[in-house]
Amino acid sequence: MSSPLDSSLTSKQAEIVTLCDNDVQIALKNYSIPRVLFFQTCVVKFNTDADLLNEEVYECFSWNGIHYLVMEKIDLPTVETWISDSDACNEAEEQSRFDMACKAVANVPPISLHSLPSCRRRDWSHRRQVRPDPKLLIAVLRGAPPLVLNIAHEPLVMVQGDINPRNFLIDPETLHVTIIDFGCISILPRSFVSFTLHATRDNFINGIAKSLGWERSENLEALVAATGIYAQMAGKRFGLDERGLPVHVQKA
């Protein structure tokens, strides 16, 4: 293969980049396209969170700011496809599959802690719902009594970063679930997870909450206090390192 790619990639990596190039370019221009692309012999994931290796990842490399993971091919439908499959010929069958899928996803066992990547401050500044503006934060909190954030008594819950029926594969025979978008795993207090699962308008997430049987958390003071912390960590200009600790800047 005679290509400029050969100078910094192995021949196999160059072959993968060439194979994926057309779909990657389309996806980069249209953000609504799923960020996981499926091919006949591999799955390629190309966002900046894709740096967690496990036994099913055969190779991982980067090219032009895109991460490529060559993975085991799992020939199963997504939960979304399985629920709406043409074989489910009536509404009752679709609802039954929906309920089974929610229960299966709710009972996915957590990954081992040693497999988690190192802690990383996430940049939320691009999200419209979070404004990383210290002046706004001061205006909101001025005159208000300090909120105490006490979650020491709560169990921690491991949460998949994007709970969506497109991000889970399901075996129709065994109902075994495989997570295919595993780049962002969060560990949060149970009250945070419970509140989010119940407060969202997404039917699939509501179904998972119902399967878990958790009551909706009313620990609103802790949630509000944590929101303030998240806002302050929204951008690098707030001077926090990857562990969330202040960086001491020496003046010249």
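Every position in the sequence shown, counted from 1, becomes a number in the numbering used here once 129 is added. We put the beta carbon where it would ideally sit given N, CA and C, even for glycine. This one's a predicted model, so the numbers in the text were calculated from it and none came from an experiment.
Shown here, residue 315 sits in a strand according to DSSP, grouped into three states. Distances from the alpha-carbon of residue 332 to those of 224, 140 and 147 put 224 closest. Closest in alpha carbon position to residue 154, among 195, 328, 336 and 238, is 195. When C-alpha distances from residue 303 are compared across 150, 145, 229 and 158, the shortest belongs to 229. The alpha carbon of residue 284 has as its nearest neighbour, out of 309, 297 and 317, the alpha carbon of 317. Contact check for residue 212 against residue 294 passes: the beta carbons are separated by less than 8 Å.
A residue is called buried once 16 or more other Cβ atoms fall within 10 Å of its Cβ, and residue 348 is buried on that count. Counting along the chain, the unbroken beta strand (DSSP E) around residue 307 starts and ends at 306-308. Under the three-state reduction of DSSP, residue 343 is assigned to coil, being neither helix nor strand. Taking a C-beta distance under 8 Å as the contact criterion, residue 145 and residue 233 do not qualify as a contact pair. Beta-bridge partners of residue 207 (DSSP): 298. Take the alpha-carbon of residue 152 and the one of residue 337: they are about 32 Å apart. Spatial neighbours of residue 192 in its own chain (CB-CB distance under 7 Å, excluding positions within 5 residues in sequence) are listed in chain order as 138 and 146. Within 10 angstroms of the beta-carbon of residue 207 lie 16 or more other beta-carbons, which makes it buried. Here DSSP, grouped into helix, strand and coil, assigns residue 140 to helix. Taken through DSSP and simplified to helix, strand or coil, residue 323 comes out as helix. By DSSP's assignment, residue 196 forms a beta bridge with 191.
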